[in-house]
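Each residue of the sequence shown is one higher than the one before, starting from 1 at the first, in our numbering. Don't be surprised by glycine CBs; every beta carbon is placed ideally from N, CA and C. Since the model is a prediction, treat every value here as computed from it, not as a measurement. For reference, the structure discussed in these notes is given below.
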Amino acid sequence: MAHQAIYRKWRPLTFDDVVGQEHITRTLKNQISQGTVGHAYLFCGTRGTGKTTCAKILSRAVNCLNPVNGNPCNECDVCKGILDGSIMDVTEMDAASNNGVEDIRDIKEDINYVASNSKYTVYIIDEVHMLSTSAFNALLKTLEEPPENVVFILATTEAHKVPQTILSRCQRFDFKRIRNEDIMVRMKEIAYADGFDITDDAYKILASLAEGSMRDGLSIMERVISACGNHVSAKDIEDTLGISSADFVFELTNAISDGDAGKVVEIIDKAVSDGKELPQLATSMLSHFRSLMLCKVSPDPESLIDTDAQTLVKLKAQSEKLSFDKINHATTVISSAMADARVAKSSRIVYELAFIKLARPDMDSTPEAVMDRLSTVENKLMSQGIPQVTQQSVADNSDIIKRLELVENAIKNGVTATVIDKAEPESKPEKKSSRMFVPIPEDELNFDYPTAVLARNWEKLIKQMMRLNTPLAMPLRNCIVTFDREGLILLVPEDRNQFTERTAINNIDEIRKLFKQVTNTDYTLKIAMRNEFDPRNILNAFSLPKAEVKSELVVPEDNIKESEPQDKKDKLDEFFEQYESIITDGDKQALLSGESITRGEQSTFDDEDESEEFLDASELPSDDEE
C-alpha cells in the first residue's frame with residue numbers, strides 16, 4: 001500500500017475525535033440527534049483547524065443508518081460507501097479550480113435528482129470565497145430555496161470575501177485556532193499508536209511551530225521523524241528545521257539590550273555556521289519580543305505565554321531591561337527585514353543590518369528608532385532619580401535637556417534623526433527664552449541685587465575681560481545686557497548676529513571662565529538672539545527700587561595688567577584665521593584698535609556716566625508691560 005501522510009492517516013472519523021472545536025461539534029451532534037439539520041452551512045477558520053474534516057463527518061452523519069449520539073457509525077453500508085467513494089451522493093468541489101458559473105450550473109442541474117443510495121445529497125465546496133461573482137449569483141437562488149434532500153457545506157479561510165447575501169443564507173460556524181495543549185495531546189496519541197518516541201520538550205516545540213493548525217503540526221512532526229528516526233528530541237528538531245533555541249534567542253536579545261553591535265554580528269554568524277535559518281531566527285525573535293511585551297503590559301502573563309516556569313522567570317527579568325518603545329522598534333525592524341529579505345539577493349546582510357539597528361538605534365532614522373533613543377534617555381534620567389524635567393533643572397542638565405528637545409521636535413515635525421545629527425553644537429544656547437531666563441522673586445528684585453550690580457557695571461567688566469583676552473571679549477561689546485537669577489544675559493543684535501553669535505557660541509566655556517575670573521563670583525553668562533528673546537524678560541538694572549540692605553557685591557576696579565603686546569598679537573592672528581569667512585575688514589580694524597565693532601552707534605553704556613541706562617528707550621518695556 002502506498003505511503004499515506006500522517007495527517008491523512010489520522011484524520012478524525014467522528015465528531016468526538018475532532019480536537020479543539022467542541023463548541024461546533026456539540027452543536028452539529030445535537031442537530032443530527034434532534035433531526036434539525038440545516039440546508040446550508042458555512043465553516044470559517046484558519047488552515048488546519050478541521051473545517052473540511054467536520055464537513056466530511058457531517059456528510060456521513062446526516063446519511064448514516066445507525067448514528068451514535070450524532071456521530072456516524074462508520075460501519076453501515078452508507079458510511080463505508082461515502083468513505084471509499086463508491087456512493088456518489090456526496091460531492092466535494094474545490095472552488096479554487098472550479099470557480100466559474102458553469103460549475104455552479106452543473107450543481108443546479110444535479111440537485112433536481114433524488115439521492116440514489118442515501119437520504120441527502122451533500123455538496124462540499126471548499127475555499128468558496130474563490131468563486132466568481134457570477135458563480136455566487138448562480139448559487140444564491142439555490143441556497144435560498146434548495147430541494148429538501150440537498151445540504152450545502154461551504155468552507156473558507158477568508159469569510160470576509162464571501163458576499164453577505166450568501167452569508168445570510170447559511171449557518172455560520174467559526175473554527176478557532178487549536179490550543180498548543182490540545183495539539184500536544186493529539187500528537188502523543190498518534191506517536192504512541194505508531195511507536196514513535198518523542199520527548200516532552202520536542203512536543204512543546206512542535207506545538208509551538210504548528211501555530212494553532214493541527215495539520216501543520218502533524219506535517220512538521222512527520223518531517224522530523226523522517227530525518228531523525230523514531231526517537232526525536234528538542235535538539236533534533238532544532239537541527240533538522242534550523243530553528244533557534246530559547247537560550248540562543250535570549251542571548252541575542254541581551255546583546256541588543258546592551259547595545260553591543262559586535263556581539264550581535266557574532267551571534268548571527270554562529271547561527272549561520274550552525275545551520276540556523278535566518279528567516280526562522282527572525283520569526284523566533286518576533287515571538288520572543290511578543291512574550292516580552294506581554295510580560296510588561298499584562299498582570300497575568302502566565303495565562304498568555306505558553307512556556308515553562310523557568311523560562312517565564314527569565315522573560316520577566318529580561319522585559320525589565322527593555323522599554324516598550326524598544327520592543328515596538330524591534331518588531332517593526334524585524335518585520336520590515338523579513339519582507340525585504342524575500343526579494344534581496346543576499347538576505348543575510350538584510351538581517352544583520354536589522355539587528356544592528358536594534359542594538360544601535362542612533363544608526364536608524366525612523367520615528368520608531370527616535371522614540372527608542374528618547375526612551376533610553378528618559379530611563380537614564382529616572383535611574384539618576386530625576387522623575388521629570390523641570391524648569392529649575394534646566395541649568396544643571398542642559399545637555400540632556402537639549403537632546404530631549406531635539407528629539408521631541410523631530411517627532412512633532414516628522415523630521416528624521418538625521419536632522420538631529422546636523423543640529424547646532426551642544427554649546428549653543430537654548431532658542432527658547434522661557435527655558436533660558438530664570439526669574440528673580442519679586443521680593444528680592446531691587447537696585448542692589450547682585451546680578452543687577454553686574455549689569456550696571458558691564459562696561460568695567462568688559463574692559464577687564466578684554467585686557468585678559470581681547471579676541472573673545474571684544475565681540476561681546478555689541479550685545480545688549482540684561483540679567484536674571486543666574487547671571488547676565490547677552491542679547492545679540494540682529495545686524496551683528498553672525499559674527500558675534502558664532503564667536504560667543506564657539507568659545508562660550510572660555511568666556512564664562514573669563515567672566516568668573518574677572519567678577520570672582522559663581523554667576524554665569526548666557527547668550528541669546530535679541531529677536532528671539534521675550535521682551536518681558538529684559539530687566540532695567542538702573543530703574544529698580546533701592547534696597548534696605550545694600551548688596552555686599554563689589555565690582556573689582558581696573559587693576560588687571562594688560563597682556564604683553566606680542567601675546568595679544570598672537571591671539572588676534574589666531575582669532576582672525578578662525579573667523580576669516582565672516583569677519584570684515586572693518587571688524588578687524590576695530591579689534592586691532594580696541595574700538596566697538598558696531599560703528600556709528602552709541603555704546604550700550606557710557607564710560608563717563610555710569611548712571612545712564614544701558615538699554616535704548618525703544619528697547620525697554622513700558623511701565624504697563626512691567
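Report yes if the C-beta distance between residue i and residue j is below 8 Å; otherwise report no.
| i | j | result |
| --- | --- | --- |
| Val162 | Val128 | yes |
| Leu65 | Cys76 | yes |
| Met214 | Ile183 | yes |
| Ala234 | Thr199 | yes |
| His288 | Val343 | no |
| Leu490 | Ile538 | no |
| Tyr351 | Ile268 | yes |
Measure the C-alpha to C-alpha separation of residue i and residue j and round it to an integer number of angstroms.
| i | j | result |
| --- | --- | --- |
| Lys428 | Asn478 | Unreliable placement is indicated for Lys428, whose pLDDT of 44 sits below 50; no coordinate value is reported for it. |
| Tyr523 | Glu494 | 26 Å |
| Glu145 | Thr46 | 29 Å |
| Ala541 | Arg485 | 13 Å |
| Met187 | Asp201 | 13 Å |
| Gln31 | Ile24 | 11 Å |
| Val518 | Gln464 | 7 Å |
| Ile462 | Ala473 | 7 Å |
| Ser298 | Pro441 | 47 Å |
| Ile153 | Val122 | 7 Å |
| Asn117 | Lys276 | 55 Å |
| Asp306 | Lys9 | 28 Å |
| Ile166 | Ile225 | 43 Å |
| Lys516 | Leu525 | 9 Å |
| His329 | Arg360 | 11 Å |
| Val37 | Leu58 | 10 Å |
| Ile256 | Leu241 | 25 Å |
| Lys270 | Ala317 | 25 Å |
| Trp458 | Val481 | 8 Å |
| Ser86 | Leu315 | 56 Å |
| Asp16 | Lys51 | 14 Å |
| Asn112 | Leu28 | 26 Å |
| Leu206 | Ala337 | 25 Å |
| Ile327 | Arg290 | 8 Å |
| Leu294 | Val370 | 23 Å |
| Glu595 | Arg530 | Note that Glu595 scores 48 on pLDDT, short of 50, meaning its location in the model is unreliable and no value can be drawn from it. |
| Asn630 | Lys119 | Beyond the ends of the chain as shown, which are 1 and 626, falls residue 630; an answer cannot be given. |
| Leu278 | Ser346 | 11 Å |
| Ala40 | Lys108 | 14 Å |
| Tyr7 | Pro67 | 25 Å |
| Ile124 | Gln4 | 23 Å |
| Ala155 | Ile190 | 26 Å |
| Ser168 | Cys44 | 14 Å |
| Thr331 | Gln310 | 24 Å |
| Ser273 | Leu304 | 34 Å |
| Lys56 | Gly81 | 13 Å |
Pick out whichever of the options has its Cα sitting closest to the Cα of residue i.
| i | options | result |
| --- | --- | --- |
| Asp94 | Ile87, Met88 and Asp103 | Asp103 |
| Glu510 | Phe533, Met466, Met529 and Phe542 | Met466 |
| Arg26 | Phe173, Thr133 and Glu92 | Phe173 |
| Ser375 | Thr332, Phe324 and Phe175 | Phe324 |
| Arg179 | Gln171, Pro545 and Leu209 | Leu209 |
| Ile356 | Gln280, Ala341, Gly259 and Leu315 | Gly259 |
| Leu476 | Asn446, Pro545, Thr503 and Thr331 | Thr503 |
| Leu286 | Ile334, Lys176, Ile267 and His231 | Ile334 |
| Asp443 | Val265, Pro545 and Ser132 | Pro545 |
| Pro181 | Ala193, Gly212, Val151 and Arg169 | For the record, residue 181 in the displayed sequence is Glu; it is not Pro. For Glu181, the nearest C-alpha among the options comes from Gly212. |
| Gln21 | Tyr41, Thr49, Ala40 and Ser33 | Thr49 |
| Val150 | Val492, Ala135 and Val114 | Val114 |
Could you check what DSSP says for residue i in three-state terms: helix, strand or coil?
| i | result |
| --- | --- |
| Gly100 | coil |
| Leu140 | helix |
| Leu358 | helix |
| Arg179 | coil |
| Thr366 | coil |
| Arg47 | coil |
| Phe437 | coil |
| Phe515 | helix |
| Asp126 | strand |
| Asn30 | helix |
| Leu13 | coil |
| Arg599 | Here the model assigns Arg599 a pLDDT of 38, short of 50, so the residue's position is not dependable and the matter cannot be decided. |
| Glu189 | helix |
| Ala541 | coil |
Quiz item: Which ranges would you report for the alpha helix (DSSP H) in the segment 317-342 if only whole runs of at least 4 residues count?
Solution: The DSSP assignment places 324-341 as complete runs of the alpha helix (DSSP H) inside the segment 317-342, in order along the chain (cut-off: 4 residues).
Quiz item: For the segment 441-484, which segments carrying the beta strand (DSSP E) assignment without a break, of at least 3 residues, lie completely within its bounds, in sequence order?
Solution: 480-483
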